[in-house]
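Below is one structure; the comments refer to it alone.
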Amino acid sequence: MNLHFHTRRTRLPLSWLSVLCFAAGAFLLAACGASSARSPQGGKVIRFVRNPDAAPEFKLDALDGKPLSLTAARGKVVLLNFWATWCGPCRAEIPDLIALQQEYKGQLQIIGLTVDDDDESSIKQVVAESHINYPVAMASPEVRLQYGGISALPTSFVLDAEGRVVQKHEGLRDPALYETEIRALLGLPIDARVETFEDTGQIFLAHADRASELPGVNLSRLTLQQKQVALHKFNAEGCTCGCNFTLAQCRIYDRDCAVSKSRTEKIVAEVSGAAPRKGTPEKSPAPPNVASP
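Given below as structure tokens:
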């Protein structure tokens with residue numbers, strides 16, 4: 001299945017997203033464990049975060065006027081789906097989400113958060129026409145930032161019954177993957193093996209300092225000690241592209257950022273000794289003020 005998604009920077013106000021092929025994001029697919037791949041031993045595998053963080057709480061008003069929060073869904077598996085009415089892949093997965101909500105009602109709570117620039121009445125019309133059977137609210141800028149800026153649409157966060165984020169998916173997904181994850185979290189039989197991984201920035205950018213590899217950064221020519229020095233610099237220096245992230249966070253968030261790519265390449269060259277420094281060493285800029293999720 002060809003996976004497509006929309007992407008944009010975090011800068012607000014939001015603008016149209018460009019359509020990209022998610023299959024090109026091999027790093028995120030591998031690192032997040034977002035696909036139900038087959039293990040070397042055979043059989044399907046799903047992956048959850050080993051030590052998951054609590055999902056950032058929010059209090060919003062749903063389109064039907066009722067209050068909407070994660071606290072109210074505690075005890076259920078939650079699929080938090082960021083989408084937009086003009087996003088083709090987002091609209092395409094709505095029937096599957098409706099079916100999942102119907103199949104596992106009482107045990108699952110899907111929540112739709114739109115990032116639309118359109119007025120509320122237009123969104124209500126789409127929700128009504130689509131016969132969406134789960135609550136939908138307009139995501140505030142604060143909520144978007146709490147969940148990492150939402151660089152792709154659709155983006156879905158999978159929460160366990162304790163309100164912890166165990167997985168994140170960007171782009172259109174096979175509904176069978178969602179169902180397998182939901183059933184696993186509910187303790188129901190599944191035709192897959194569950195593995196765990198450590199969040200190194202794929203779920204929450206605040207954990208980028210745990211990463212030993214970064215998208216588009218070649219650390220292969222560095223010794224172990226040099227690699228540690230380079231990674232420290234990536235996490236101490238802020239990217240100047242305007243994202244307000246560290247270099248490490250920017251590489252994870254936006255693989256196409258030319259600014260963070262160029263700067264990390266220079267740091268690798270400096271650390272390896274391939275690029276002689278001129279004058280006294282530069283002090284790294286202060287890290288950006290990034291709020292932890």
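First residue of the sequence shown: 1, per the working numbering; consecutive thereafter. A virtual CB, placed ideally from N, CA and C, is assigned to each residue, including glycine.
Neighbourhood of residue i by C-beta distance below 7 angstroms, restricted to the same chain and skipping five residues each side
{"i": "K76", "result": "Q107, L108, Q109 and A161"}
{"i": "S130", "result": "I94"}
{"i": "N133", "result": "I98, Q101 and Q102"}
{"i": "S260", "result": "C239, C241, L247, C250 and R251"}
{"i": "G187", "result": "none"}
{"i": "D53", "result": "R164, V165, F204 and P293"}
{"i": "F48", "result": "V166, Q167, V194 and T196"}
Spatial distance of residue i from residue j (CA atoms)
{"i": "V268", "j": "S220", "result": "10 angstroms"}
{"i": "E270", "j": "F234", "result": "13 angstroms"}
{"i": "L224", "j": "E198", "result": "20 angstroms"}
{"i": "K44", "j": "E195", "result": "10 angstroms"}
{"i": "Y253", "j": "K66", "result": "33 angstroms"}
{"i": "P175", "j": "V126", "result": "21 angstroms"}
{"i": "N218", "j": "F245", "result": "20 angstroms"}
{"i": "Q249", "j": "C257", "result": "11 angstroms"}
{"i": "H232", "j": "I203", "result": "20 angstroms"}
{"i": "T71", "j": "L222", "result": "46 angstroms"}
{"i": "C90", "j": "V229", "result": "41 angstroms"}
{"i": "C87", "j": "K124", "result": "15 angstroms"}
{"i": "S69", "j": "K168", "result": "19 angstroms"}
{"i": "A192", "j": "I111", "result": "25 angstroms"}
{"i": "C243", "j": "I46", "result": "32 angstroms"}
{"i": "R50", "j": "K266", "result": "33 angstroms"}
{"i": "D96", "j": "D116", "result": "21 angstroms"}
{"i": "Y104", "j": "L214", "result": "37 angstroms"}
Nonlocal neighbours in the same chain, by C-beta distance under 6 angstroms from residue i, ignoring five residues either side
{"i": "M138", "result": "T114"}
{"i": "L159", "result": "A55, V78 and V165"}
{"i": "T155", "result": "F82 and E170"}
{"i": "A73", "result": "Q109"}
{"i": "A208", "result": "G201, A248, Q249 and I252"}
{"i": "V136", "result": "L63, G112 and V127"}
Rounded distance between the beta-carbons of residue j and residue i, thought under 8 angstroms
{"i": "G201", "j": "R255", "result": "The pair is not a contact, with the Cβ atoms about 12 angstroms apart (cut-off 8 angstroms)."}
{"i": "E179", "j": "L100", "result": "6 angstroms"}
{"i": "Q226", "j": "S272", "result": "6 angstroms"}
{"i": "L153", "j": "A84", "result": "6 angstroms"}
{"i": "L80", "j": "F157", "result": "4 angstroms"}
Counted within 10 angstroms of its Cβ, other Cβ atoms place residue i as buried (16 or more) or exposed
{"i": "E181", "result": "buried"}
{"i": "T240", "result": "exposed"}
{"i": "T264", "result": "buried"}
{"i": "P294", "result": "The shown model of the chain, from 1 to 293, leaves out residue 294, and the question about it has no answer."}
{"i": "P141", "result": "exposed"}
{"i": "A92", "result": "exposed"}
{"i": "A184", "result": "buried"}
{"i": "S121", "result": "exposed"}
{"i": "A128", "result": "exposed"}
{"i": "P40", "result": "In this predicted model, P40 has a pLDDT of only 47, less than 50, meaning its place in the structure is not dependable; the value taken from the coordinates is given anyway. With fewer than 16 Cβ atoms within 10 Å of its Cβ, P40 is classed as exposed."}
Own chain, CB closer than 8 angstroms to residue i, minus 5 neighbours either side, in chain order
{"i": "V143", "result": "P56, F58, L60 and L113"}
{"i": "R210", "result": "E198, D199, T200 and G201"}
{"i": "S212", "result": "T200, K227 and L231"}
{"i": "D118", "result": "T85 and W86"}
Neighbour flag for residue i against chain D, beta carbons, 9 angstroms
{"i": "L177", "result": "Within the model displayed, chain D is absent; a lone protein chain is all it includes."}
Identify every run of the beta strand (DSSP E) within the stretch 102 to 186, keeping only runs that are complete inside it and at least 3 residues long; order them along the chain.
108 to 114, 136 to 138, 155 to 159 and 164 to 170
Inside the stretch 36 to 90 only - alpha helix (DSSP H) runs reaching at least 4 residues:
none
Alpha helix (DSSP H) runs contained entirely in the stretch 214 to 288, provided each spans 4 or more residues:
224 to 236, 247 to 253 and 258 to 272
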